[in-house]
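Single-structure report; data block below.
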Amino acid sequence: MPAPTTTTIFSENFIISAGSILFRRAPGKTEICILRYLTKDEWLLPKGRKDEGETLEEAALRETYEETGYRCTILPVDLVTRAPPFGVDMEDQPRLAQATKEPFAVQTRKAKDGGSKFIWWFVSEVTDSKQEHGTQTESEHFEAVFFDAPEAIQKLTFPADQDLARRAYELVTASNTPLLEKANR
């Protein structure tokens with residue numbers, strides 16, 4: 005068997021980013037928060053660069069909060085992953101993990117300078133329905149809006165974002181994770 009192809013990318017040539025599909029749920033209703041990028045009139049998902057010392061999960065939650073103004077938490081979902089259960093030695097193969105907070109997708113993009121950008125995606129849920137203003141950085145010009153999930157998916161400007169939101173919605177509806185009582189009243 006030939007050796008697997010390996011590509012090495014050093015730190016000056018890659019960007020680590022994280023984002024989340026932010027849900028707000030109530031009995032009989034599931035909404036997704038998307039961002040209207042006012043400068044270009046595009047509909048996007050919240051994401052951004054991981055800060056030094058942050059975990060991927062922390063970066064996803066921070067970026068989602070900064071760009072939307074909503075405090076949130078990673079929402080446990082059932083998904084197929086290649087990650088083994090903690091402390092278990094097993095063959096590398098896809099398996100169903102229940103109520104996991106693992107990323108459900110990773111995207112790769114070419115950065116503007118030719119480097120590689122890796123974006124890790126999580127499913128999140130608001131923990132407080134009150135939106136805070138003034139959380140965006142000076143370079144961010146977003147309006148955060150919740151839509152019923154199917155409408156939010158359709159509104160997203162880019163097909164790759166639509167695919168991410170659609171998969172997250174499928175995971176949330178299939179997982180039957182209990183509602184966060186405080187945030188969804």
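Following our numbering, the numbering of the sequence shown begins with 5 at its first residue and continues without gaps.
From the three backbone atoms N, C-alpha and C, an ideal C-beta is built for every residue, glycine too.
Burial check for G32: the Cβ neighbour count within 10 Å stays below 16, so the residue is exposed. For the beta strand (DSSP E) assignment, the uninterrupted runs of no fewer than 3 residues enclosed by the segment 131-182 are, from N- to C-terminal side, 146-152. The three-state reading of DSSP puts R66 in helix, counting H, G and I together. S21 is classed as buried because its beta carbon has at least 16 other beta carbons within 10 Å across all chains shown. If you draw a straight line from the Cα of E129 to the Cα of F108, it is about 14 Å long. Separation of the CB atoms of D82 and A103 is rounded to 7 Å, and the pair is thereby assigned contact status at 8 Å. Judged by DSSP secondary structure, R99 falls within the beta strand (DSSP E) whose first and last residues are 99-104. When the five nearest sequence neighbours on each side are left out, the beta carbons in the same chain lying within less than 6 Å of the beta carbon of F150 are those of R28, E35, C37, in order along the chain. Excluding five sequence positions before and after R113, the CB atoms of its chain that fall closer than 6 Å to its own CB belong to K121, given in chain order. In the displayed model, E71 falls within a helix according to three-state DSSP.
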